[in-house]
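Notes follow the structure.
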Amino acid sequence: MIRYFAKRLGIMLVALFLIMLLTFCIMHAVPGGPFTSDRNMSEEVEAALNAKYHLDRPLPEQFFEYVSGVLRGDLGPSYKYPGKEVNDFVENGFPVSARLGFVTIVFVLLAAIPMGILAAVKNGKWQDMLLMAVATIGVTIPSFVIASVLIYVFSFKLNVLPTYGLDTWKGYILPVVALGGYSISYMARLMRSSLLEVMGQDYIRTARAKGLSEIKVILKHAMRNALIPVVTVLGPTIANLLTGSFVIEKIFAIPGLGGYFVTSVSQRDYTTIMGVTIFYASFLMAMILLVDVFYCLIDPRIKYE
Amino acid sequence: MKKKLLCVLLAVSLTGTMLMAGCGSKAQDEPQTIDDIEAAPEAPEAEEAGETKGTEEGALADTQEMVFVLNNEPDGIDPNVTNNSFATPFLSNCFEGLVTYDEKGEVVPGNAESWESNDDLTVFTFHLREGLKWSDGTDLTANDYVYSALRVLTPETTSQYVNMISDYVVNGQEFYDGTASAEDVGIKALDDNTLEFTLKAPCPYFIDLVSMWVYFPVQQATIEANGDKWTATAEAYVSNGPFKITEMNMGESMILEKNENYWNAENVTLEKLTFRYVLDTSTALTAYESGEVDGVRMVPSSDLARLKAENAGLVSTPNYGTVYYDINCSKAPFDNPLVRKALNLAIDREALINNVAQVDGQPAFSFLAPGYVVDGKDVTEGRSDFGLTATADVEGAKAALAEAGYPDGEGFPTVQLSFYSDDNVKKIAEAIAEMWEQNLGISVEVSSADWAVFYDAVQAGNYEVAAMGWSADYVNPMSFLPLLYTDDVTNNSFYSNPDYDAVVDQIKVEKDPAKFAELVQQADEIVSADYPVLGLYYKSNTYLIKDYIEGVYMVSSSNIYFQNAKVLAH
Chain A
1 MIRYFAKRLG
11 IMLVALFLIM
21 LLTFCIMHAV
31 PGGPFTSDRN
41 MSEEVEAALN
51 AKYHLDRPLP
61 EQFFEYVSGV
71 LRGDLGPSYK
81 YPGKEVNDFV
91 ENGFPVSARL
101 GFVTIVFVLL
111 AAIPMGILAA
121 VKNGKWQDML
131 LMAVATIGVT
141 IPSFVIASVL
151 IYVFSFKLNV
161 LPTYGLDTWK
171 GYILPVVALG
181 GYSISYMARL
191 MRSSLLEVMG
201 QDYIRTARAK
211 GLSEIKVILK
221 HAMRNALIPV
231 VTVLGPTIAN
241 LLTGSFVIEK
251 IFAIPGLGGY
261 FVTSVSQRDY
271 TTIMGVTIFY
281 ASFLMAMILL
291 VDVFYCLIDP
301 RIKYE
Chain B
1001 MKKKLLCVLL
1011 AVSLTGTMLM
1021 AGCGSKAQDE
1031 PQTIDDIEAA
1041 PEAPEAEEAG
1051 ETKGTEEGAL
1061 ADTQEMVFVL
1071 NNEPDGIDPN
1081 VTNNSFATPF
1091 LSNCFEGLVT
1101 YDEKGEVVPG
1111 NAESWESNDD
1121 LTVFTFHLRE
1131 GLKWSDGTDL
1141 TANDYVYSAL
1151 RVLTPETTSQ
1161 YVNMISDYVV
1171 NGQEFYDGTA
1181 SAEDVGIKAL
1191 DDNTLEFTLK
1201 APCPYFIDLV
1211 SMWVYFPVQQ
1221 ATIEANGDKW
1231 TATAEAYVSN
1241 GPFKITEMNM
1251 GESMILEKNE
1261 NYWNAENVTL
1271 EKLTFRYVLD
1281 TSTALTAYES
1291 GEVDGVRMVP
1301 SSDLARLKAE
1311 NAGLVSTPNY
1321 GTVYYDINCS
1331 KAPFDNPLVR
1341 KALNLAIDRE
1351 ALINNVAQVD
1361 GQPAFSFLAP
1371 GYVVDGKDVT
1381 EGRSDFGLTA
1391 TADVEGAKAA
1401 LAEAGYPDGE
1411 GFPTVQLSFY
1421 SDDNVKKIAE
1431 AIAEMWEQNL
1441 GISVEVSSAD
1451 WAVFYDAVQA
1461 GNYEVAAMGW
1471 SADYVNPMSF
1481 LPLLYTDDVT
1491 NNSFYSNPDY
1501 DAVVDQIKVE
1511 KDPAKFAELV
1521 QQADEIVSAD
1531 YPVLGLYYKS
1541 NTYLIKDYIE
1551 GVYMVSSSNI
1561 YFQNAKVLAH
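First to last, the protein sequences are chains A and B.
Those letters in the first sequence? Residues 1 to 305, by the working numbering.
Those letters in the second sequence? Residues 1001 to 1570, by the working numbering.
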């Protein structure tokens, strides 16, 4: 088992290196650079900037310089924001995104799992219909639409919740709902279908035949198996939510990490592109690994060799 | 009646939540906001009253604090380095140069209390105020100005506006290239309070140049201690303006507080100014309308008309720039002023501005934007409209075209209308083509290319009519006039008129501001009566500010100033 996870770790590192290489190549293949702007910059100023950040050196040299920096934990200086380090962006932005993401995950789990169970138990009844109708809407409507409607109703019309920021606990409500809307709907549907499938199996019939109460049958016997698909999607979902959403963070003016994923690319801020990509990739891989560990805990039948 | 009831209900529910939430200072804003939104359309008098009440009548609020939303984060706030316009709110409030701008947009003494130049406008001497201090309490002298300018002229600084100094100051470029020493550069501190610039050539607009932030002083001590990280923490960011930064929250907000060491601190009323980043303009607008913030830098263009009608506090100020089309004056039939006049008369600028582009701008009849003020008066004030109107003059256009020899557009070659790839530019180009086809009976072919390709063609003269725009780096008509000067590199219209050139030559050496203004208007009259370009609109800046905040002003360089801001009781 230890050997298995050591191997996984090795594969992760190789994958990370390939991701870095690929991102680096694609990024430099895109036309434009960090110092292209709408104002004409004199050539000598651009040359001075390129020299300052070693952008005048051959690409392989730049890449290896960067990788050796990353190995020392240094993601390099931002080209677009002089005097700032990409590490600063991650250190300042990640805690904010992670805080919001964590609240969202708790909210998602607390809402989605009971919703899924209820829908499965009341399979075909009006409760099921209603919940699945809501879930379908939640999956299909994009988060920015949900966010705009929420702001309009709760901040503008009713004026009971702040429009932007996470300055008070109230600030969390709207972004959490907007951010979690999709995941709740998706997971509730997953929970329902997975539970329904498990409920049809023989061992459940056995449990019922033993005379166990329906609640006990579901929570003790059916749930553990039904949770496996949910846990599978939970890994990437956690990684996504904790590292921030560009759209939601922009709409609610939350100073998280999400914005850098998009702005760094449009600004061609090379080190920031690399930094957030590496950060997100390693985080995602760690989460997937964690999910695999989790499988063993939920289902003793799963073993890694 | 129904509306009123709604009002009351909203107000009640608001007060309820306020009590529950218990958020102190903001509580008073909210009912006022509801008033603004609901009552403003019916009560334009309220707005007028607000304007005339002045300082005596409006009692000051107990807390002089405000939150102003910025919709873009600047790439840097080092005045020597950046040329990013998003940095202006910080640079124009935390720093002050030798000269600054008053609320009329006129250059006024800043750190320098007076200045003079020699007769041929090549040596400028500035006299600094006595006892100037940095925000950390240390003395600020003429030597700090010399240090800053030399820092700009050092390649490692990577100053983006370096040419605003190196193009003008003696040995500036040579110092940058490493062929001259610091002593040779034409910037000298004669004593602690006297600063002298020696220029390569006469420059009547040098005072306007030194108002640019690249000429602002920065403190040597903090830069030597912190390197280029001196702008990264509030403690290291030493400045010399009405405010200083006391808190930096990356990506979230910057908090500015009154700088007690500012020479004019006694006249600064605002104690605390929070710049909050809200990148999404709709969110910012909602926050403004629900009273969470006191002002917003940018307004979604789709809401402009509504906000104007509601008197919601929309402020529109000219931005020193013009959006226009170049007409190739060296190419037949466009070498005929009557043809250019017809093209000018046939477009409906108001429709282009309000319906097509949906921008806040003033119809342009000339290439020279308003925004340069002499003696409290804009130099373009009272100029001719050159026979043009905001809407199309179809009859006039047809008559001009007929006079040029193309009655009803007969025999007129197909016009090539080129533009660069951009959604808004495309919309305008297509609308213009349609207006010409409809109003003049001529045919138009529209084509587009990427900016680089497009601009190369325009510069080479391979075009007939091309989309263009000009935003000045420094506020002086001299940043516009070369655009039509014979053989100037920026003269993409290939227009040439010796009379105009002669007046511009005179302007270049004119010292007397009144005479200068007169000559500028004369030059504009000569050139615009020839219709060398197709003016569309003069750019504007729009921002939102609540009516209980007084004294905030923006000038045509887009600098926004809070030094006179006062929060009135509300």
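C-beta: ideal position from N, C-alpha, C; glycine also.
The straight-line gap separating the alpha-carbon atoms of T1158/B and K52/A is approximately 8 angstroms. DSSP places R1276/B in the uninterrupted beta strand (DSSP E) bounded by K1272 to Y1277.
Using a Cβ distance threshold of 8 angstroms, L284/A and F94/A do not count as a contacting pair. In the three-state reduction of the DSSP assignment, L1401/B falls in the helix class, which pools H, G and I. Taking C-beta atoms as the reference points, V1123/B and S1117/B count as a pair closer than 8 angstroms.
Assignment of M1298/B by DSSP, reduced to helix, strand and coil, places it in the coil class. For M27/A, the enclosing alpha helix (DSSP H) covers residues I2 to A29. Residue nearest to R224/A within the set F246/A, V198/A, K210/A and R208/A is V198/A (criterion: CA-CA distance). By the 16-neighbour rule on beta-carbons within 10 angstroms, V90/A is buried.
Contacts with chain B at 8 angstroms (Cβ-Cβ) include K250/A.
When Cβ-Cβ separations below 8 angstroms define contact, Y4/A makes no contact with chain B. The beta carbon of V1374/B sits no closer than 8 angstroms to any beta carbon of chain A.
Taking 8 angstroms as the threshold, the shortest C-beta distance from T163/A to chain B falls below it.
Here H1127/B is buried: its Cβ has 16 or more other Cβ atoms, across all protein chains shown, within 10 Å. Per DSSP, N1336/B lies in no alpha helix (DSSP H) segment and is marked neither H nor E. The DSSP assignment places complete beta strand (DSSP E) segments of no fewer than 3 residues inside the region 1520 to 1557 of chain B at 1533 to 1545, in order along the chain.
Straight across, the Cα-Cα distance linking S1135/B with K1244/B is about 7 angstroms. For I1347/B, the closest C-alpha among the options E1310/B, Y1262/B, N1439/B and F1562/B is that of N1439/B.
Secondary structure at E1410/B: coil, using DSSP grouped into helix, strand and coil.
According to the DSSP assignment, P236/A belongs to the alpha helix (DSSP H) that extends over M223 to L242. Rounded to whole angstroms, the Cβ separation of K250/A and D1280/B is 5 angstroms, and the two are in contact under 8 angstroms.
Between the alpha carbons of R1340/B and N1491/B lies a distance of about 17 angstroms. Within chain A, not a single residue places a beta-carbon under 7 angstroms from that of Q1521/B; the smallest gap is close to 29 angstroms. Neighbours of Y81/A across chain B, judged by C-beta separation under 7 angstroms: D1075 and G1076. Unbroken alpha helix (DSSP H) stretches of 4 residues or longer found wholly inside the region 1335 to 1370 of chain B: 1337 to 1345, given in chain order. Identification of chain A residues near D1228/B by a Cβ-Cβ cut-off of 8 angstroms yields P82 and G83, ordered along the chain.
Among the CB atoms of chain B, one or more fall inside 8 angstroms of the CB of A253/A.
Residue N1476/B holds the alpha-carbon nearest to the alpha-carbon of S1557/B among N1476/B, Y1145/B and Y1215/B. Separation of the CB atoms of A1397/B and L1352/B is rounded to 15 angstroms, and the pair is thereby denied contact status at 8 angstroms. For V1373/B and M1478/B, the gap between their C-alpha atoms comes out near 13 angstroms. In the DSSP assignment, G275/A falls outside any beta strand (DSSP E) and lies within the alpha helix (DSSP H) extending over Y270 to I298. Neighbours of L227/A across chain B, judged by C-beta separation under 8 angstroms, do not exist; the nearest C-beta is about 37 angstroms away. With the criterion set as a beta carbon lying under 7 angstroms from some beta carbon of chain B, the members of the region 85 to 104 of chain A are D88, N92 and G93, in sequence order. Along the region 1242 to 1266 of chain B, the positions whose C-beta sits under 9 angstroms from a C-beta of chain A are N1249, M1250, G1251, E1252 and S1253, read in chain order. Separation of the CB atoms of A1232/B and G83/A is rounded to 5 angstroms, and the pair is thereby assigned contact status at 8 angstroms. Against I151/A, the close residues of chain B are T1283 and T1286, in the order they occur along the chain (beta-carbon pairs closer than 7 angstroms).
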